[in-house]
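Down below is the structure, laid out as structure tokens.
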Amino acid sequence: MIIECSNCHRKLRLDENLIPDHPVRLRCSSCGNSFQYEKSKNPTENSIQESEQKTRKIGVSLSKGGVGKTTTAVNLAAGCALAGYKVLLVDTDTQGQAAYMLGVKPPGGLAELMTQELRVEEALFQARENLWLLAGGKSLAGVKRMIDRKDFGAEHTLSETLAGIDGRYDFVIVDTSPGWDALTVNVLFYINELLVPVSLEIMTIQALGSFFKNLGAIKKYHAGLNIKYIVPNFMDMRVKKKSETILEKLESLYKDKLCEPIRYNNVISQAPMYGKTIYEYAPGAKGAQDYRELVRKVTGQPHLFQ
Ligand SMILES: Nc1ncnc2c1ncn2[C@@H]1O[C@H](COP(=O)(O)OP(=O)(O)OP(=O)(O)O)[C@@H](O)[C@H]1O
Ligand SMILES: [Mg+2]
């Protein structure tokens, strides 16, 4: 059976036959916390697995730079947290910009968790109410080398790291780097839903085509990977014709996955300078309205924030 430590939430495997029916005190082998445990009052392995299945794991990815992946991951995560969902934002990029955008400086993050330099509670950083961050950064370069050296199961390294943690959250939102590297492949094996931000440029549409081809190779081994949302970004009304032509092209190719566009809006690029989300920096701006619409779409709650 698997039980969860009340302090660090690490999942501990125990022989069911050794646990009596009356309350006992257990000590967590990970954090040393001692806590009372009663078989009849605590969830079993089945109920823990059920709660894990409820967690939605969404990757924000496209193997092209500057299309708004981090902006979207951060503002989607922050918007879901504002709506009352418990959210974990995972930054798998060596640029480590998610922490910067949220105006926080965690002492470590994903790299330190994957190399076991930090324990779960030390690596997780609460950035806002309902919003936790596993920060990215330069040290992820070492993690990529570690993954590359593995003989077996390299593509599941991230999934293994997050397996004991993600069941606590309603959403795990994962930001990726622009390239197609070992960590991105790990993200694609971990997530169930993929959200692809697309800048309204013809070159990006081409990048989207080759990205989807590469995804085909992953889907052979991870059938649960669902390309769910395509989010047009930088919709620019000053060059309305160009934006609309590319939008029409996207619509003809990916109609069922296409979301409402995020309009080009200066405040979206200003907010990170103040370490604020778009809802904090300019709650009435077009950018905030558009990201709220995306939150409504992803959560399936059409009346949120109204
Ligand atoms: N709708 C928008 N309007 C105005 N500026 C935007 C918009 N979306 C993103 N930006 C700005 O565009 C730049 C690139 O965005 P972002 O860093 O999110 O892209 P990215 O895909 O994560 O880049 P990278 O591939 O380097 O990780 C940032 O300066 C961001 O503030
Ligand atoms: Mg980015």
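In my numbering, each number is its position in the sequence shown, counted from 1, plus 1363. For every residue, glycine included, the Cβ atom is placed at its ideal position computed from N, Cα and C. Model, not experiment: these values are computed from the prediction.
Across which residues does DSSP place residue i in a beta bridge pair?
i	result
M1598	R1626
V1535	K1420 and L1451
E1379	None, per the DSSP bridge assignment.
Y1592	L1558
L1389	F1398
L1494	V1450 and R1491
L1621	I1593
Which residue wins for smallest C-alpha separation from residue i, given the options the options?
i	options	result
K1432	S1397, R1531 and Y1592	Y1592
K1427	G1572, D1653, K1612 and G1587	G1572
P1560	K1576, W1543 and L1657	L1657
L1557	L1389, P1646, G1516 and K1620	K1620
A1498	A1474, M1509 and I1382	A1474
N1596	T1434, F1574, M1464 and R1508	T1434
Y1448	T1418, T1455 and G1471	T1418
Less than 7 Å separating the Cβ of residue i from some heavy atom of ligand 1?
i	result
G1422	no
D1456	yes
I1625	yes
P1635	yes
S1502	no
F1597	yes
Q1664	no
I1631	yes
D1646	It is worth fixing the name first, because residue 1646 is Pro in this sequence and not Asp. No, Cβ of P1646 sits at least 7 Å from all heavy atoms of ligand 1.
V1430	yes
N1396	no
G1650	yes
For the beta strand (DSSP E) containing residue i, name the first residue and the last one.
i	result
A1490	F1488 to R1491
Y1400	S1397 to Y1400
S1704	No information on residue 1704 is available, as it lies outside the stretch 1364 to 1669 that the chain covers here.
E1367	I1365 to E1367
Since residue i is in the alpha helix (DSSP H), which residue starts that stretch and which ends it?
i	result
E1611	K1603 to Y1617
E1523	T1520 to L1525
I1641	I1641 to Y1644
L1476	L1473 to M1477
T1457	Counting along the chain, T1457 falls outside any alpha helix (DSSP H), and DSSP gives it neither H nor E.
M1566	I1565 to K1582
I1510	L1503 to R1512
Q1664	Note, Q1664: premise wrong, no alpha helix (DSSP H); not H, not E.
Y1553	A1545 to Y1553
Closer than 5 Å from C-beta to any heavy atom of ligand 2: which residues, in chain order? Output, sorted by chain position: K1432 and T1433.
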